[in-house]
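Undergrad: The structure that follows is given in the form of structure tokens.
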Ligand SMILES: *[C@@H]1O[C@H](CO)[C@@H](O)[C@H](O)[C@H]1NC(C)=O
Ligand SMILES: *[C@@H]1O[C@H](CO)[C@@H](O)[C@H](O)[C@H]1NC(C)=O
């Protein structure tokens, strides 16, 4: 009589719990494996003109620091376009342990209608040679204020053929769909 055998029923119930646990885990894993990835909205394509690295590189406390001046360029997208100003640089770092370069930039954009936008980007070189960037925007312009609240990424391509005394690179930028693309101010008397 199995029911009266404490050892047998113990093993049986242990087995039952194992199977139950496994089923729950599998269900949970299946559930976690399939969240819907967020969609992206195109922000712009930006061309940046850069000078050569100014640093006489050596390994410092954070790695091998660069100082690559960003001296011009342009950007164009469905909601904003304009010029890259000659004020900024990429103070990127190369990790001496991997030789992977990570961008660390600050620069300014001026839109065709005169708004100033401060940009900060960072992110590593990836196996295919591009860089993957996080992009953060800051502006006081009411018209472009929504840029302060987007979550944006970029794919950077280096080594484009250049017509001037600079290196040309390209950043294609997107932000998460569902982010703001306009701003409703609480104080409606602020001009947009
Ligand atoms: C933006 O810069 C790229 C690269 O220099 C150039 O080919 C393109 O014509 C420029 N676009 C505008 C609108 O100036
Ligand atoms: C709304 O904006 C106007 C114009 O800038 C300003 O004079 C006013 O004080 C603001 N009101 C509030 C409640 O912030």
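Residue numbers (this note's numbering): 16 to 207. Beta carbons are placed, not taken as given, at the ideal position from N, Cα and C, and that holds for glycine. Computed from a predicted model, the values in this text were never measured in an experiment.
Can you name, in chain order, every residue of its own chain whose Cβ lies under 6 Å from the Cβ of residue 102, other than the five neighbours on each side?
TA: As a working note, residue 102 is residue 87 in the chain shown. Excluding positions up to five away in sequence, the list reads 123.
Undergrad: To the nearest angstrom, how far is the alpha carbon of residue 87 from that of residue 48?
TA: For this step, residue 87 is matched to residue 72 along the chain shown. For this step, residue 48 is matched to residue 33 along the chain shown. Their Cα atoms are separated by approximately 44 Å.
Undergrad: What does a CB cutoff of less than 8 Å around residue 192 pick up in its chain, not counting 5 residues either side in sequence?
TA: Locating residue 192 in the chain shown gives position 177, counting from the first residue. These residues qualify, in order along the chain: 53, 54, 55 and 56.
Undergrad: Fully enclosed by the stretch 110 to 163, which alpha helix (DSSP H) runs are 4 residues long or longer?
TA: none
Undergrad: What I want to know is whether the C-beta of residue 171 ends up closer than 7 Å to one or more non-hydrogen atoms of ligand 1.
TA: Start at 1 with the first residue of the chain shown, and residue 171 comes out as number 156. It does not: the Cβ of residue 171 is nowhere closer than 7 Å to a heavy atom of ligand 1.
Undergrad: Scan the stretch 57 to 96 and note each continuous beta strand (DSSP E) run of 3 residues or more that stays entirely inside, going in chain order.
TA: 78 to 80 and 83 to 91
Undergrad: What does residue 105 pair with, by DSSP beta-bridge criteria?
TA: In the chain shown, the residue the question calls residue 105 occupies position 90. Its beta-bridge partners are 83 and 120.
Undergrad: Could you pull the DSSP bridge partners for residue 195 from this structure?
TA: Reading the chain shown from its first residue, position 180 is the one you call residue 195. Bridge partners of residue 195: none, in fact.
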